[in-house]
Amino acid sequence: MNATAIDSTVMDTDCCIVGGGPAGVVLSFLLARQGVSVVLLEAHKNFDRDWRGDTIHPLTLELMEALGLVDRLLEIPHPKIEKLTIGPVVYADFSRLPTRYPYLTNIPQVSFLELIVSEAKQYPNFQVLMGTNAQELIREGETIGGVRYRKDEVWYEVRAPLTVGADGRASHLRELTGLNVNVLTASPPMDVVSFRLPKRAGDPAPNVRFGKGYMLVWFEGTNHWLFRYLFPKGGYQKIRQAGLDTMKQSIADLIPELADRLDCLSDWTDLSFLSVQSSRLPRWYRSGLLLIGDAAHTMSPVGGVGINYAIQDAVVAANILTEPLKAKQLQIDHLHQVQQQRELPTRAIQLYQSIFQEGISSKLDPNPKIPFRFLLLFFLPLALPLLGGQYAKFIAYLTGFGIRPARLKCPSPEPIINDQATAQSI
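Counting from 1 along the sequence shown, just add 160 to a position and that's the residue number in this note's numbering.
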């Protein structure tokens with residue numbers, strides 16, 4: 161599109177963040193509380209979208225405590241998941257971690273996002289623009305100078321020395337960057353369908369159930385059970401062709417205790433399909449632009465770590481970028497530092513996920529063969545009584561905190577000059 165033909169309203173800010181998921185919302189808040197001018201663009205009109213990851217890990221709860229928000233977050237009804245098991249085997253024991261929050265919990269992502277945004281709105285230097293789908297990058301030579309979006313048939317510009325792409329695994333900004341998005345890690349050979357069923361008193365404890373060519377992973381929600389139906393990659397069309405009743409019967413075979421509730425799955429819209437993908441950009445930035453969260457590294461659902469690694473990206477970005485943005489001295493090396501600090505933890509957790517998924521894939525194979533590195537990493541330590549407990553603690557730490565866990569280093573926030581009513585939101 162010819163820039164001279166744009167009917168636009170131009171807005172200037174220190175940082176334009178595209179994507180109102182966990183990474184974008186947390187980074188917006190962390191920057192705004194330090195006095196950085198932030199505009200957050202979210203393509204949807206609200207945050208209430210179903211089938212988003214809800215798992216909150218101990219490190220995220222510690223961050224919320226540092227921000228003074230943990231009590232408000234935990235007022236939201238939530239389960240506490242202290243152990244992850246496969247059959248009788250405890251492979252991750254969070255109750256043994258040295259933290260005030262020795263558990264996983266499932267909190268609706270919409271509630272988490274709304275809490276953070278409500279806090280960010282206290283700062284007059286923060287704006288959130290809902291229903292704004294960034295469609296173009298503003299290019300100033302080799303530097304990205306912001307984005308253009310269209311709303312009600314009118315083009316708008318948000319100009320900023322830094323644009324952050326936090327728009328998820330299907331990131332449009334990533335497509336526009338010209339970065340080499342083809343160099344990705346191999347996708348795991350499985351896909352997932354998610355669904356929920358009502359929880360009732362007397363239900364058995366959640367666990368993992370195995371069928372012939374598929375498996376069912378069972379989690380506890382607030383007033384419902386969460387399920388992940390795993391099957392070999394490319395099998396979704398076969399499942400759809402077989403029909404919903406056939407799928408419901410395969411679920412009933414695995415969880416007969418809950419078979420009387422399967423009428424809740426009356427349509428395919430009651431289930432959500434996810435094509436499992438694990439990828440990582442070789443470079444997360446270019447001059448004026450940084451990609452974080454799933455836009456930079458797409459996680460598999462193993463361990464439910466996606467939200468928490470996205471938030472850690474936001475924490476590191478805020479630690480490194482706050483002062484350069486405030487001083488108007490942002491350099492491309494600052495963006496490199498963000499990737500440098502986050503790449504090793506990302507590589508480590510993706511390696512762990514890929515090994516675990518090898519084991520899962522072997523269970524989905526009609527003629528299963530347990531991969532050697534899965535056997536070495538999971539079965540052998542658990543088979544040794546003296547190592548089993550320490551191993552379960554190690555896996556819990558790797559899942560709940562990761563390698564080089566990100567900690568908030570920013571000083572106390574800037575004082576809020578105006579009250580909440582003056583904060584701008586469109």
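Quick reminder that beta carbons are idealized off the backbone N, C-alpha and C, glycines included.
Mark Q517 as exposed unless 16 or more other C-beta atoms lie within 10 angstroms of its C-beta, in which case mark it buried.
buried
What ranges does the beta strand (DSSP E) occupy inside the stretch 175-247, keeping only unbroken runs of at least 3 residues that lie completely in it?
175-178, 198-202, 243-246
Near P321, what residues of its chain come up, given a Cβ to Cβ distance below 6 angstroms and the 5 sequence neighbours on each side ignored?
L490
Secondary structure of Q500, DSSP reduced to three states:
helix
Within its chain, find whatever has a CB closer than 6 angstroms to the CB of F272; leave out the 5 residues flanking it on each side and keep chain order.
The beta carbon of F272 sits closer than 6 angstroms to none of the beta carbons in its chain outside the five residues before and after it.
Relative to the alpha-carbon of V324, which residue among N206, Y445, I267, V475 has its alpha-carbon at the smallest distance?
Y445
Just tell me which of G179, H204, L264, V352 has its CA closest to the CA of L558.
Of the listed residues, the one whose Cα sits closest to L558 is L264.
Between L418 and V178, what straight-line distance do the alpha-carbon atoms span, to the nearest angstrom?
41 angstroms
On the three-state DSSP scale, how would you describe L344?
Per-residue confidence for L344 stands at a pLDDT of 44, beneath the threshold of 50, marking its modelled position as unreliable; no derived number is given.
Determine the contact status of I298 and G305, defining contact as a CB-CB distance below 8 angstroms.
yes
Given this structure, state the Cα-to-Cα distance separating L333 from E202, to the nearest angstrom.
13 angstroms
Sort V436, S447, T506 by Cα distance to A456 and report the nearest one.
Checked all of V436, S447, T506; the closest Cα to A456 is T506.
Sequence-distant residues of the same chain with beta carbon closer than 7 angstroms to A478, five excluded per side
L187, L190, L191, C570
Pairwise C-alpha distance: F554 and K488
42 angstroms
Bounding residues of the beta strand (DSSP E) (the contiguous stretch that carries E300)
Looking at the DSSP string, the run of the beta strand (DSSP E) that includes E300 is 293-300.
Quick check on the DSSP output: the beta strand (DSSP E) that includes L289 runs from which residue to which?
286-290
On a CA-only basis, which of S354, K311, V199 is nearest S435? Give me that one, please.
S354
Would you say the stretch 424-441 touches the stretch 389-404, given that touching needs at least three Cβ pairs under 8 angstroms?
yes
Do you know how far the Cα of Y551 is from the Cα of H204?
42 angstroms
Does the Cβ of S331 have 16 or more other Cβ atoms within 10 Å, making it buried, or fewer, making it exposed?
buried
Distance between V307 and G482 (C-alpha atoms, nearest Å)
Looking at the sequence provided, one finds Thr at residue 482 rather than Gly. Each residue's alpha carbon lies about 20 angstroms from the other.
Residue burial classification, Q287 (beta-carbon count within 10 angstroms, cutoff 16):
buried
Simplified DSSP assignment, three categories, for I471
helix
From the DSSP output, in three-state form, read off G562 for me.
coil
As assigned by DSSP and simplified to three states, the class of K393:
coil
Answer with buried or exposed for A280, where buried requires no fewer than 16 other C-beta atoms within 10 angstroms of its C-beta.
Of the other Cβ atoms in all chains shown, 16 or more fall within 10 Å of the Cβ of A280; this residue is therefore buried.
Less than 8 angstroms between the beta carbons of T406 and S438, yes or no?
no
What's the gap between the Cα of L376 and the Cα of G549?
25 angstroms
Smallest Cα separation from V368: which of E380, L275, A326, G362?
E380
Considering only their Cβ atoms, is the gap separating F254 from A566 smaller than 8 angstroms?
Their beta carbons are not under 8 angstroms apart, which means A566 does not touch F254 by this criterion.
Short Cβ contact (8 angstroms threshold) for G371 with L414:
yes
Coarse secondary structure for Y261, derived from DSSP in three states
coil
Here's a check: name, in chain order, each residue in its chain whose Cβ is nearer than 7 angstroms to the Cβ of P573, leaving out the five neighbours to either side.
Closer than 7 angstroms at Cβ, skipping near neighbours: R193, Q194.
Figure out for me which residue from K311, T382, P461 has the closest Cα to the Cα of L390.
With distances taken between Cα atoms, L390 lies closest to P461.
For the alpha helix (DSSP H) holding S435, just list the boundary residues, first then last.
From DSSP, S435 is part of no alpha helix (DSSP H); its letter is neither H nor E.
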